[in-house]
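Numbers given in this note's numbering equal positions in the sequence shown, counted from 1, plus 100. One structure is given here, and the rest of the page talks about it.
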Amino acid sequence: ALKEGESVLVHAAAGGVGSLAVQMAKLLGAGRVIATASSPEKLDLARSLGADALIDYTQEDWPEKVREATDGDGADVILEMVGADFPEKNLQCLATFGRMVVFGAASGDRGNLVPGDLMTGCHSVVGFWLVPITQRPDLLVPSLEEILGWIASGDLKLTIGAKYPLEKAAEAHTDLEGRKTMGKLILKP
Numbered sequence: 101a102l103k104e105g106e107s108v109l110v111h112a113a114a115g116g117v118g119s120l121a122v123q124m125a126k127l128l129g130a131g132r133v134i135a136t137a138s139s140p141e142k143l144d145l146a147r148s149l150g151a152d153a154l155i156d157y158t159q160e161d162w163p164e165k166v167r168e169a170t171d172g173d174g175a176d177v178i179l180e181m182v183g184a185d186f187p188e189k190n191l192q193c194l195a196t197f198g199r200m201v202v203f204g205a206a207s208g209d210r211g212n213l214v215p216g217d218l219m220t221g222c223h224s225v226v227g228f229w230l231v232p233i234t235q236r237p238d239l240l241v242p243s244l245e246e247i248l249g250w251i252a253s254g255d256l257k258l259t260i261g262a263k264y265p266l267e268k269a270a271e272a273h274t275d276l277e278g279r280k281t282m283g284k285l286i287l288k289p
C-alpha cells in the first residue's frame, strides 16, 4: 500500500491506465507523482491530471531524471506497465526499500529482471493482474467502492482521447500501438 507522502513514478502517464494512475496516486496521498510520457502533449496531459514532475521516457537518461526529481532518493513506488528494458531501468531509479508494481507490458516484451539485483536496494517487485483479484471479493470490492466514490465525486476523471466508429477498430488499434493516442479510446457501434 502507498504510504502518505511517498513518491510514485507512473510510466505512460497519458495513456488510458496511466492517466488514472496519476490521479489515484494523488488521491491516495502521494507526496510527489513523477510522470513519464513520450511527447510534450502527453506530458502536458499528465501535468493537468496532477503530476508534479514530467519526464520524456524516450530520452536515454530518464532514470537519472527520476532520481533528480526525487532529490537523488529514487521513487518509492514505480508503476510498471511498459516492459522491454523498463523493468531493469526502473531499478536504477527505485528508492531503497522501494516497490515496483508490474501490471503490464505495453511493448509486448515483458523484459528481464535478475532477482539478485533486488538485494542491494532492498527492493520489492509485486505483480498485479485483474483476473485473479476478481476471485477475491474481499480485495476487489473495497477498492472498487473507493474508485467509484472518486468517480461519483468528480475527483477521478476518465480521459477520453478519441472516439472511433466500430468499423475503424483496426485504425484505433494501430494508433494505440503507434503511441499516437492519449487517454482511453472509445469504439462506437
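Glycine residues also receive a C-beta, built at the ideal position from the N, C-alpha and C atoms.
Original post:
Within the chosen definition, does the stretch 163-183 reach the stretch 101-116 through at least 3 CB pairs nearer than 8 Å?
Top reply: Of all C-beta pairs linking the stretch 163-183 to the stretch 101-116, three or more are shorter than 8 Å, placing the two stretches in contact.
Measure the CB-CB distance between Ile-260 and Gly-278 and report whether it falls below 9 Å. By the CB criterion at 9 Å, Ile-260 and Gly-278 fall outside the cutoff.
Which of the three DSSP states is assigned to Leu-149 in this structure? Coil at Leu-149, not helix or strand.
Check: With DSSP run on the structure shown, which of helix, strand or coil describes Lys-280?
Finding: Reduced to three states, the DSSP call for Lys-280 is coil.
- Where do the ends of the alpha helix (DSSP H) carrying Thr-234 lie? For Thr-234, the uninterrupted alpha helix (DSSP H) segment begins and ends at 230-234.
Review point. Going along the chain, which residues of its own chain have a beta-carbon closer than 6 Å to the beta-carbon of Thr-170, five neighbours each way excluded?
Key: Closer than 6 Å at Cβ, skipping near neighbours: Ser-107.
Item checked: Coil, strand or helix - Glu-188 by DSSP -> Residue state, collapsed to three classes: helix.
_Does Met-124 come out as helix, strand or coil in the three-state DSSP assignment?_
DSSP, reduced to helix, strand and coil, places Met-124 within a helical segment of the structure shown.
* Asked: Apart from the five residues just before and just after Leu-276, which ones in its own chain have a Cβ nearer than 8 Å to its Cβ?
  -> Excluding residues within five positions, the ones whose Cβ falls inside 8 Å are Leu-285.
query: Just how far apart, CA to CA, sit Ser-243 and Asp-255?
result: Taking the straight line from one Cα to the other gives about 15 Å.
task: Kindly give me the distance between the Cβ atoms of Leu-291 and Ala-269, rounded to whole angstroms, as I take these residues to be in contact under 8 Å.
output: Not covered by the structure: residue 291. The range shown for the chain is 101 to 289.
Tell me which residues share the same chain as Leu-240 and place their Cβ nearer than 7 Å to its Cβ, disregarding the 5 neighbours each side in the sequence. Excluding residues within five positions, the ones whose Cβ falls inside 7 Å are Ile-233 and Thr-234.
**Request:** Give, in chain order, every unbroken run of the beta strand (DSSP E) that is at least 3 residues long and sits entirely within the stretch 154-203.
**Result:** If only uninterrupted beta strand (DSSP E) runs of at least 3 residues are considered, those enclosed by the stretch 154-203 are 175-180 and 194-202.
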